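Novice:
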Amino acid sequence: MVEGLVFTASGPLANAEVIAYPDFTSLAARQNGIASTPGEKPGSFAMNLPPGRYFFTAQGEAGEERYFSYHGMNPITIDQDFRWLPFFTVPDRPVSHETGRQGVGGQVRYRGMPLDKGIVSVYSLQDKYFRGMGLLTNSLDADGRFWFDLEPGGYVIVARHRRQGSDMGPLKKGDLFCYPPANPVEVKENSASLIDIPCYPRDDLDDFLVDDRLDPRGRRETQRRGSSYHKKEMRDAEGIPETLAAGPAKITGKVVDRAGQPIAGLYVTAYPADEFPLFQMFVLRLISRHMATTGSDGLFSLDLPAGGYYLVAREKLGMAPERHEFYGLYEGGANHAVSAEAGKTRDNIVITVDRIMP
Amino acid sequence: MTPASIKILILLFLIFLPLSSRAGETLTDRVIDADTVWQGEILIDGVVVVARKATLTIAPGSIIRFRRADRNRDGIGDAELRVLGRLVAEGEAGRPILFASAETNPAPADWSYVLIFSSGQKNSLAHCRFQHAFSGLQVHFSTASVRDCVFEQNREGMRFGRAVLDIRDSLFTGNDIGVRFTRMEGPASLIGNRITGNRIGVFLVPSGQNIMDFFEPDRGDKVWNTGRLTITGNDIYNNYWYNLNLGEKQFWDLDIAGNWWGATDAAAVRQTIFDKSRDQALGSALIEPMSPAPNRPEKTPEKTNDIP
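Protein sequence lines, in the order shown, are assigned to chains G and W. Note that the working numbering gives residue 293 to position 262 of the first sequence, counting from 1, and the numbers run on in steps of one. Note that the working numbering gives residue 141 to position 149 of the second sequence, counting from 1, and the numbers run on in steps of one.
So, in structure tokens, the structure goes:
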């Protein structure tokens, strides 16, 4: 038996529906889900589920607004024991697509206010858990904005804000988990997909409920706990931060196997080399926003700011290299680095890949 | 056979003959991009990369020395042999291959390591000796076999992570850490080795690099190292801090049965292991049944003063 409560920031969400999906593919398609039945109190629900792992969502309407929640513990293992699951829902807003630079951008907010720090990650739909650094991870700018250049396709976007400490490690009570209801987000050719990402705090109902709202325990909060977030005016997402504009340099080349045959469909990622003049493995775990994919002829082209870059070609991104995956470093020098000059194209770069760990 | 066909045969022979480095040659930063054989003495002063298309074969009795230089000032010598292609370093009993510092007064971390990284081929090392490196040998995202090797006076004897790796009949002694497994993924086997005289004999650390929010690892009903690390039939004793140390965030129980720990009393052996018994946040090392006597007394000599 699974029971719980579903909240908006204004209190319990009456007539909310919780759905358990057997996998994320089903969740993305909104198919094969098992729906809850309403409980006795507003916002409460109950459901009987066979033992297994599920992706849980909650949804409902209040006034003119639709609300949605993706549980941060997903996938959750359900066994024979009783399980209590609370859900914090956020406004369900669609993605807007605008002709222009291809990728995903937007703004991350909590309680309507832009976050002034935090990280946002992009995950492949094949990712099982949407944790870690994903395909790409960027820091939010001071207005909570972000941008990723991405190839057309579907992606899951998740932002996180930790009140203390580094950008790594498990979220703690009060840290913000930000999963846009529009996930998975579709990137279209020559189009910007713009989203607003609302957040909720892990395990902290007091902080989630807005001032002077009655919580289900009958308490009226008038003194909110201190918040580290800037109280800025709400602003609509309006384009891409200037600092993320494409740089003036270009690197082009080809990815081949050991026999010299071109390999299509690989990711080529450029990692900044100027800060780390000697190649070390940890460099490949750093964040890079400079990525391209190889065409059927194995060719790739990277637009990036002038500078030195370590180049890697591989089948997958965001995780450590996997057995039998195509993988290769640039081998034009012992340091694996390529220097790209402003206003110029560094061409004829060849990266040889192999299926690793035979 | 006509003179013309003989010329063609000679030409083909020369084309496909692996390149050979001369004894005493000094190699600075470079990429080896064709099959190459090293024999005699080679001095490395920088980073030498074996490209993905190349095989580097090192002949028995060869001596590979690394000159100390610390360009990034991290306290570790930069000189390194980095293998993206294939390494065949198969010495022989009595004719080992030596990887060592070129300094007059050598010290641990004079040079970085022999690194096998993201290789797409099967690498083989036998009867090799590694001295005064940061790590004698590191293997990551690669497949390798290590037999009858000696790792001594290094900061770490061996370090490896996700790798298809088989380490047998080797000696790890006089290192700060004998064997360091950094990701607990493998699949790696550590069988029939002698690990003694290090500060820490075996150090097991999970990756943790992708552990973020709401992380709840799928532990199943098996001990954590099942399918990731087989560690049995080894003699792990007289390491002066711990014979076995579970690193931070190594929360899960590990099967470490079938090893000799220098004693038959399990309580005494546990005094040499850092696990849940000393830190409740860690998993337990399941060491029983233990070997009642050394597994390989005839193998892997402790004295290594016969190194050239």
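Each residue gets a CB set at the ideal place from its N, CA and C atoms; glycine is no exception. All figures in this text were calculated on a predicted structure; none of them were measured in a lab.
1) Please tell me whether L221/W has its Cβ less than 9 Å away from any Cβ of chain G.
2) D267/W: which of A258/W, A277/W, A260/W sits nearest, CA to CA?
3) In terms of alpha-carbon separation, which member of G338/G, D234/G, L297/G, S332/G lies closest to W115/G?
4) Counting only beta-carbon separations shorter than 9 Å, does V106/W have a partner in chain G?
5) Can you list, in chain order, the stretches of the beta strand (DSSP E) that have 3 or more residues and sit fully within the stretch 198 to 242 of chain G?
6) Quick check on V314/G: does DSSP put it in helix, strand or coil?
7) Should A51/G be flagged as near chain W, meaning a C-beta pair shorter than 9 Å?
8) Check each candidate in E240/W, A258/W, P286/W and name the one with the smallest Cα separation from E280/W.
9) On the CB-based measure, 16 or more other CB atoms within 10 Å of its CB, does S170/G come out buried or exposed?
10) Are any of the Cβ atoms in chain W nearer than 9 Å to that of M312/G?
11) Does chain W have any CB closer than 9 Å to the CB of P389/G?
12) Determine the chain G residues that contact Q263/W at a beta-carbon separation under 8 Å, and present them in chain order.
13) So what's R311/W in DSSP terms, helix, strand or just coil?
14) What does E362/G reach in chain W if we use C-beta pairs closer than 8 Å?
15) Would you say F311/W reaches chain G, if we count a Cβ-Cβ gap shorter than 9 Å as a contact?
16) Excluding sequence positions up to five away, which residues of its chain have a Cβ less than 7 Å from the Cβ of S283/W?
17) Under a Cβ-count criterion, where at least 16 other Cβ atoms within 10 Å of its own Cβ denotes burial, should Q90/G be classed as buried or exposed?
18) What residues of chain W sit near T383/G, judged by a beta carbon separation below 8 Å?
19) Strictly below 8 Å CB to CB, what residues from chain G border Q113/W?
20) Report yes if the CB atom of F122/W is closer than 9 Å to the CB atom of E144/W, and no otherwise.
21) Tell me the rounded alpha-carbon separation between S41/G and T224/W.
22) Compute the Euclidean distance between the alpha carbons of R124/G and P212/G, then round it to the nearest angstrom.
23) Excluding the five sequence neighbours on either side, which residues of its own chain have a C-beta within less than 7 Å of the C-beta of G338/G, listed in chain order?
24) For N379/G, would you say it is in contact with chain W, using Cβ-to-Cβ distances shorter than 9 Å as the test?
25) Locate the alpha helix (DSSP H) running through L58/G, then write down its first and last residues.
26) Across which residues does DSSP place F86/G in a beta bridge pair?
27) Return the residues of the stretch 115 to 144 of chain W that lie within a Cβ-Cβ distance of less than 7 Å from chain G, sorted by chain order.
Specialist: Reading from the atomic positions:
1) no
2) A277/W
3) D234/G
4) no
5) 207 to 209, 216 to 218, 222 to 229
6) helix
7) no
8) A258/W
9) exposed
10) yes
11) yes
12) The premise fails here: Q263/W is roughly 32 Å from chain G at the closest Cβ pair, so nothing lies under 8 Å.
13) Nothing about residue 311/W can be read from this structure; chain W reaches only from -7 to 300.
14) V23, D25, V41, A43, R44, L76
15) This structure does not reach residue 311/W, given that chain W is present from -7 up to 300, and the question cannot be answered.
16) G250, N251, W252
17) buried
18) A43, R44, K45
19) D385, P389
20) yes
21) 59 Å
22) 7 Å
23) P303, D305, A371
24) no
25) 55 to 60
26) Y52/G
27) H132, F133, S134, T135
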